[in-house]
Amino acid sequence: MTRWRIAAVAGVFMLAGCARLPVEPLSVSSDSFSRWLAHSEQLLALSTWTLSGRMAVRTGERGGTATVLWQRMGDHHQLMLFGPFGGGRVRIVENTAGAELRDNKERVFRGDTAEAVLMEGVGWHVPFRELGFWVRGLPAPGVLDDLILDERGRAAHFSQSGWEVDYRAYREVDDLMLPAKVFIAARPGTVRVTAADGTDLGDQLSVRISIRAWNDEPEWAQPSR
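So the number in our numbering is just where the residue sits in the sequence shown, counting from 1, plus 139.
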């Protein structure tokens, strides 16, 4: 199976979808790679979207799940988590001014990035910056390892920033294919997970996102920060 090491092509997209299609990994042929580049360029100019679904985070024997609503408009992100993993309800806002997390107890955590406040407020290390690209079927800017494409030129698997990223299903949206199931797992040594009581949970961490729907317009009014 041919593997590639390339500079990542970043992109964004929008809209809501219908059918889920399984991902069948192939070697990166010239034809599938050409389709991948064309698809990435199509997505490059789009920067407004909303996704809704479920997120599951697991480290060793511990884990949690939450319903997720993730909205993006340019540099402004709003992430809502509902359920046990979210502690009832968690709202995270990130923009060029920084990030803020507010939980169901009205506690507020502020920091430079959504990743930082999510770690402080909820206790999970999730690579939020990169994940904003990965959930859209594209790598984040930077070095990309082990790119595997399917016959339609969609990402089936790649490695980036110490994480393995797998796409298990796509959702057909008009002329675009958007992910329906995204699984990421940290490579050994990438993260160190510590419980709230200080217990060392090791370096095993995985995140699974099942995306139920895509939409092209976030519903918020103005950023809070």
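The C-beta atom is built at its ideal place from N, Cα and C for all residues, glycine as well.
Quick check on residue i: does DSSP put it in helix, strand or coil?
{"i": "glutamate 254", "result": "helix"}
{"i": "alanine 177", "result": "helix"}
{"i": "glutamate 356", "result": "coil"}
{"i": "serine 298", "result": "strand"}
{"i": "tryptophan 263", "result": "coil"}
{"i": "arginine 268", "result": "helix"}
{"i": "aspartate 313", "result": "coil"}
{"i": "leucine 218", "result": "strand"}
{"i": "leucine 182", "result": "helix"}
{"i": "leucine 160", "result": "With a pLDDT of 44 at leucine 160, under the threshold of 50, the predicted position of this residue should be treated as unreliable, though the coordinate-derived value follows. In this structure, leucine 160 counts as strand in the three-state DSSP scheme."}
{"i": "serine 349", "result": "strand"}
Work out the CA separation of residue j and residue i for me, nearest whole Å.
{"i": "arginine 249", "j": "serine 169", "result": "46 Å"}
{"i": "alanine 253", "j": "glutamate 259", "result": "10 Å"}
{"i": "glutamate 269", "j": "serine 298", "result": "11 Å"}
{"i": "isoleucine 205", "j": "methionine 194", "result": "Before going on, a small fix: residue 205 reads as alanine here, not isoleucine. Near 5 Å, if we compare the C-alpha coordinates of methionine 194 and alanine 205."}
{"i": "asparagine 234", "j": "glutamine 217", "result": "9 Å"}
{"i": "leucine 344", "j": "aspartate 305", "result": "14 Å"}
{"i": "isoleucine 287", "j": "aspartate 355", "result": "28 Å"}
{"i": "leucine 220", "j": "threonine 198", "result": "19 Å"}
{"i": "aspartate 289", "j": "lysine 244", "result": "45 Å"}
{"i": "aspartate 314", "j": "tryptophan 175", "result": "14 Å"}
{"i": "alanine 295", "j": "valine 247", "result": "38 Å"}
{"i": "glutamate 303", "j": "glycine 222", "result": "26 Å"}
{"i": "serine 173", "j": "glycine 227", "result": "45 Å"}
{"i": "glycine 202", "j": "leucine 283", "result": "28 Å"}
{"i": "isoleucine 350", "j": "arginine 307", "result": "11 Å"}
{"i": "alanine 279", "j": "alanine 255", "result": "18 Å"}
{"i": "glutamate 180", "j": "glutamate 200", "result": "41 Å"}
{"i": "aspartate 285", "j": "aspartate 342", "result": "22 Å"}
Does the Cβ of residue i lie closer than 7 Å to at least one heavy atom of the ligand MN?
{"i": "leucine 176", "result": "Judged by which ligands are present, the structure shown has none, so any question about the ligand MN falls away."}
Is the CB-CB distance between residue i and residue j below 8 Å?
{"i": "valine 229", "j": "valine 265", "result": "no"}
{"i": "alanine 319", "j": "tyrosine 309", "result": "yes"}
{"i": "glycine 281", "j": "serine 300", "result": "yes"}
{"i": "leucine 182", "j": "leucine 277", "result": "yes"}
{"i": "alanine 352", "j": "serine 171", "result": "no"}
{"i": "tryptophan 273", "j": "isoleucine 231", "result": "no"}
{"i": "histidine 178", "j": "glycine 292", "result": "yes"}
{"i": "valine 346", "j": "valine 196", "result": "yes"}
{"i": "isoleucine 348", "j": "valine 330", "result": "no"}
{"i": "glycine 271", "j": "aspartate 251", "result": "no"}
{"i": "leucine 240", "j": "arginine 275", "result": "no"}
Which stretch, first to last residue, makes up the alpha helix (DSSP H) that contains residue i?
{"i": "leucine 344", "result": "Leucine 344 -> no alpha helix (DSSP H), and no H or E assigned at all."}
What residue range does the beta strand (DSSP E) around residue i cover?
{"i": "leucine 208", "result": "201 to 212"}
{"i": "glutamate 290", "result": "Taken as a continuous stretch (DSSP letters only), glutamate 290 belongs to no beta strand (DSSP E), as it is neither H nor E."}
{"i": "threonine 187", "result": "187 to 198"}
{"i": "glycine 237", "result": "237 to 242"}
{"i": "glycine 227", "result": "227 to 234"}
Three or more C-beta pairs closer than 8 Å, one from the region 205 to 213 and one from the region 185 to 195: is that the case here?
yes
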